[in-house]
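In this note's numbering, the protein residues as written are 8 to 163.
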């Protein structure tokens, strides 16, 4: 689980991702405090992946909905730019899937995967996620304009 001492490293990973504005529906000018409040919300289980004194990635796990939807979880993942392509995202996903089962969730849903985020989609599909919905033009990509968003699902 992430600790308050991890917040600077988490922000160092989130800042360039959020500033780019091409994968998350987060205001690209979000402040550090607001970003950390979102990512490390007490209702989330937030994790960091580290080695050799560096944090390579972070993810959160949370209920996707309350009440009758509380058996389904949702996650957000972020990988440090210098760690991309090294299996960190897949390792975090594997950890998240195991943690979700441990917490009693029965399925995992990604609510809004930007359709041109092909690296993430490939990782999710290799792990058995299916695209169960497409939201046409739902994301205003900073360079590609209106871009579809996918809803992805995996039974646990």
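The C-beta atom is built at its ideal place from N, Cα and C for all residues, glycine as well.
Note that the structure is a prediction, hence the values are computed from the model and not measured.
A straight-line Cα-Cα distance of about 12 Å links residue 148 and residue 34. Considering only 27, 94, 142, the residue with the shortest C-alpha distance to residue 63 is 94. An exposed status is given to residue 108, since fewer than 16 other beta-carbon atoms sit within 10 Å of its beta-carbon. Just measuring C-alpha positions, the residue of 46, 30, 27, 31 sitting nearest residue 15 is 46. For residue 159, the number of other beta carbons within 10 angstroms of its own is at least 16, and it is reported as buried. Contact between residue 79 and residue 113 holds, with the beta-carbon distance rounding to 7 Å and staying under 8 Å. Annotation: residue 125 to residue 88 spans about 16 Å, alpha carbon to alpha carbon. One Cα belongs to residue 59, the other to residue 96, and the distance between them is close to 17 Å. For the set 154, 67, 91, the Cα lying nearest the Cα of residue 116 is the one of 67.
In terms of Cα proximity to residue 150, the closest of 11, 129, 133, 28 is 28. Residue 77 counts as exposed, since fewer than 16 other beta carbons sit within 10 angstroms of its beta carbon. Scanning 81, 12, 75 for the CA closest to the CA of residue 69 turns up 81.
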